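Note sheet for the following structure.
Residue numbers (my numbering): 591 to 878.
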């Protein structure tokens, strides 16, 4: 019995020694911290649900749709049911507590991070940034109109010619810029990859008439380009479907470059693929 009593006293002493080495716990402060944390979680949940409701409404959904696609008059469209109830976010959706305006975005190197998407518009001749915008939308296509407006706001005029990469390609956006007073040139694909296949009937502003000629090819000269040896310059041509670029004439200073356009009209409104001529140490350029 004495041994048991001694063992219990030793355990009590060890517990007392351990508690003396621990920082004093402020119970009211801990409760307050957890309450604030709970409020932040509830606010983030509410933002996710509000954002999902807006997205569902944009898709034509309503609270009483019964998870079924419906016509404006409420009749069933047929087809499969929606996976979730109206306004219910996906279980994988996330929201930042510290920066709720940011969004989870995939990165080119792999993985995803809480991010923003930034854009710059650069004067091609002087290499000066004339506009810069930041969004929380991962898709680039919707930013084209905003960047054109930003350039006009900063410079007082719309650009005579605009060159954008393939990320900005969107039939709906290109339809809106079709009447733009300048040339808006958007790549159909990425360098080193096969050009995107475009149905000219369903995407007239993206495809133009390129679907009417399967094997035809016409040449369309580009303006002379002042290029310094060792540098590079983008050379653009209004029209659709630039498949290759050829350099003609060695010449110092101005050089003439031709783009082979497959079934495209040089005067057509819409988009074109950008072409980049890279100059090495010799006079012969490399085209891509």
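For every residue, glycine included, the Cβ atom is placed at its ideal position computed from N, Cα and C.
This structure is a prediction, so every number in the text was calculated from the model and none was measured.
- DSSP places residue 723 in the strand class (E or B) of the three-state scheme.
- Linking residue 650 to residue 660 through their CA atoms gives a straight-line distance of about 8 Å.
- Bounds of the alpha helix (DSSP H) holding residue 622 are 617-648.
- Check the Cα spacing between residue 644 and each of 656, 627, 633, 677: the tightest is with 677.
- By DSSP's assignment, residue 751 forms a beta bridge with 773.
- Of 703, 704, 719, the smallest CA-CA separation from residue 710 is found for 719.
- Three or more beta-carbon pairs separated by less than 8 Å link the region 663-683 to the region 623-643, which places the two stretches in contact.
- Sorting 721, 722, 762 by C-alpha distance to the C-alpha of residue 732 places 762 at the top.
- A straight-line Cα-Cα distance of about 27 Å links residue 697 and residue 713.
- As DSSP reads the structure, residue 671 sits in no beta bridge.
- Closest by C-alpha distance to residue 744, out of 654, 685, 723, 646, is 723.
- Relative to residue 704, the option among 721, 717, 715, 686 whose CA is nearest is 686.
- Straight-line measurement puts the Cα of residue 629 at about 12 Å from the Cα of residue 621.
- By the beta-carbon neighbour count (other beta carbons within 10 angstroms, threshold 16), residue 662 is exposed.
- Classified as buried, residue 754 has 16 or more neighbouring CB atoms from the shown chains inside 10 Å of its CB.
- In this structure residue 688 is exposed. Its beta-carbon is surrounded by fewer than 16 other beta-carbon atoms within 10 angstroms.
- Rounded to the nearest whole angstrom, the CA to CA distance from residue 627 to residue 618 is 14 Å.
- Straight-line spacing of the CA atoms in residue 764 and residue 653 works out to 33 Å.
- Collapsing the DSSP output to three states places residue 678 in coil.
- For residue 608, the uninterrupted alpha helix (DSSP H) run begins and ends at 592-611, by DSSP.
- The three-state reading of DSSP puts residue 761 in helix, counting H, G and I together.
- Buried is the label assigned to residue 775, since at least 16 other Cβ atoms lie within 10 Å of its Cβ.
- In the three-state reduction of the DSSP assignment, residue 741 falls in the helix class.
- Residue environment analysis places residue 756 among the buried positions, since at least 16 neighbouring C-beta atoms fall within 10 angstroms of its C-beta.
- Assigned with DSSP and collapsed to three states, residue 711 falls in strand.
- Closest in alpha carbon position to residue 637, among 684, 671, 665, is 684.
- For the pair residue 706 and residue 691, the CB atoms are nearer than the 9 Å cut-off.
- If the five residues before and after residue 666 are omitted, its C-beta is found closer than 8 Å to the C-beta atoms of 658, 659, 660, all from its own chain and listed in chain order.
- Secondary structure at residue 787: coil, using DSSP grouped into helix, strand and coil.
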